[in-house]
C-alpha cells in the first residue's frame, strides 16, 4: 500500500513463500497497470471572489455539480468507452484521494466525470457490475450513485442538442455542423501550442481529414504543418496536378512499375537489363538466331570465325566486335 519498501517487506515475502500453501504464488513489487496512471483532465475549482463571474459557455449544467477537484475521462467517437474503463476511473479517484486526503478532507470534495458521445452497453454493464445506479439529471447528464465518490456521465451528443453547442457535437461525433465550429477547429489546429500537442497523437490525421472535408484547403495552409496536412490527404489528392516525373520521384522501382503492362515496363531498358535474372531458355525464346547469339558469353563469341562474323547483320556484328575487341579486318 505504501510507496516505501522496507527490509520488513523482504522478510514477509520470505515467510509467505516458505510457509504459505503450495497453490499460491507470491510476487513482489508488482506494477498494477501497463502504464503509469494518468487522468485525462483534473478540474480544480477556484473559490476566489470574482472567479465565478465568467459564465460557462459549454457543458453548462455540469460545472455547478462539481466539487473542489474532479478527475475527467474523455472517450472520443474513435476511441470510445471500453470494458473496465469505469474500474480504472475508480482506481484513479482512490489513488488521487490517497495522496491528497489531508488537503481535500472529505471524499465529497472529489468527483469523477466520464465524457463520451453516448452511453454504451459496455458502460451500462460495468456500472451494473459495480452496483451503481443511474440517476437521470436530464439533458444528457447522469449521476452514478453507489460509490465512495460522486460520479457523473455526460453524453456529449445529447448535451450538444439540448444546449445547442456545435463544438460539443464536433467532439462527440467528429463533425462540424456550423461555420463557427469549423473556424474554431481550424484555429486550434493552426495554433502552435495546440498543434504541437496534437501532431504526434492518435487521431490527428482524423482531425485533419475533418478539416479538409469542411474547409477550403487554401484557408488551412497558414499555420498548418505541411507534412501532417499531406499525410491526411488521400493519395489521389496528394498527387493531383503533379507531372508524372514528380509523382514517381522517391518511389521504389517496384511501385513505379506496379500495374504497367510488360511492354511498358521494358520500354527504354537496354537488352541486358531486360534479360537480367531470366533463365537462358526464356532469354532466347522468340529471338532470331543472330539475336540469340548475343546471349552467348564473350568467351564463346571470341571463338567465332571472321567469315561467320561478316555474315551477320551489321548491328549484331558491331555489338559482338565491341564486346570481344575484334575490329573489322583491315580496320584500326
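In our numbering, the protein residues as written are 686 to 1017.
Using N, Cα and C, we set each Cβ at its ideal position, and we do this for glycine too.
Backbone CA spacing between residue i and residue j [nearest angstrom]
i            : j            : result
residue 992  : residue 937  : 47 angstroms
residue 771  : residue 804  : 12 angstroms
residue 976  : residue 946  : 24 angstroms
residue 780  : residue 773  : 10 angstroms
residue 851  : residue 721  : 34 angstroms
residue 983  : residue 1008 : 7 angstroms
residue 782  : residue 864  : 42 angstroms
residue 973  : residue 891  : 59 angstroms
residue 989  : residue 978  : 10 angstroms
residue 786  : residue 731  : 18 angstroms
residue 741  : residue 762  : 24 angstroms
residue 689  : residue 714  : 11 angstroms
residue 861  : residue 813  : 34 angstroms
residue 729  : residue 792  : 15 angstroms
residue 796  : residue 707  : 42 angstroms
residue 739  : residue 747  : 15 angstroms
residue 873  : residue 853  : 14 angstroms
residue 695  : residue 709  : 17 angstroms
residue 846  : residue 743  : 12 angstroms
residue 998  : residue 980  : 16 angstroms
residue 1000 : residue 985  : 18 angstroms
residue 727  : residue 887  : 21 angstroms
residue 823  : residue 806  : 19 angstroms
Nearest-angstrom Cβ-Cβ length linking residue i and residue j, presumed shorter than 8 angstroms
i            : j           : result
residue 1024 : residue 759 : The chain is shown only over 686 to 1017; residue 1024 falls outside these bounds and no answer can be derived.
residue 844  : residue 825 : 4 angstroms
residue 821  : residue 768 : About 24 angstroms separates the two Cβ atoms, so there is no contact after all.
residue 1002 : residue 994 : 6 angstroms
residue 754  : residue 789 : 7 angstroms
residue 831  : residue 839 : No, residue 831 and residue 839 are not in contact; Cβ-Cβ is about 18 angstroms, not under 8 angstroms.
Range covered by the alpha helix (DSSP H) that runs through residue i
i            : result
residue 846  : 841 to 848
residue 991  : 991 to 996
residue 755  : Run containing residue 755: none in the alpha helix (DSSP H); it sits in the beta strand (DSSP E), 754 to 759.
residue 711  : Careful: residue 711 lies outside any alpha helix (DSSP H) and carries neither H nor E.
residue 974  : 974 to 978
residue 854  : 851 to 858
residue 705  : That residue, residue 705, is in no alpha helix (DSSP H); it is neither H nor E in DSSP.
residue 781  : 770 to 789
residue 813  : 806 to 814
residue 861  : First-last for residue 861: undefined, no H or E at that position.
residue 1003 : 999 to 1009
residue 720  : Note, residue 720: premise wrong, no alpha helix (DSSP H); not H, not E.
residue 986  : 983 to 986
Contacting residues, own chain, Cβ-Cβ under 8 angstroms from residue i (five flanking each side not counted)
i           : result
residue 702 : 711
residue 691 : none
residue 987 : 1009, 1011
residue 705 : 711
residue 719 : none
residue 784 : none
C-beta contact flag for residue i and residue j at 9 angstroms
i           : j           : result
residue 794 : residue 752 : yes
residue 802 : residue 858 : yes
residue 828 : residue 836 : yes
residue 745 : residue 848 : yes
residue 775 : residue 717 : no
residue 855 : residue 866 : yes
Neighbourhood of residue i by C-beta distance below 7 angstroms, restricted to the same chain and skipping five residues each side
i            : result
residue 1012 : 1006
residue 697  : none
residue 693  : none
residue 869  : 852
Delimiting residues of the beta strand (DSSP E) encompassing residue i
i           : result
residue 797 : 795 to 801
residue 826 : 826 to 830
residue 822 : 818 to 823
residue 729 : 726 to 729
Same chain, Cβ closer than 6 angstroms to residue i, five either side skipped, listed in chain order
i           : result
residue 724 : 756, 777
residue 808 : 766
residue 733 : none
residue 996 : none
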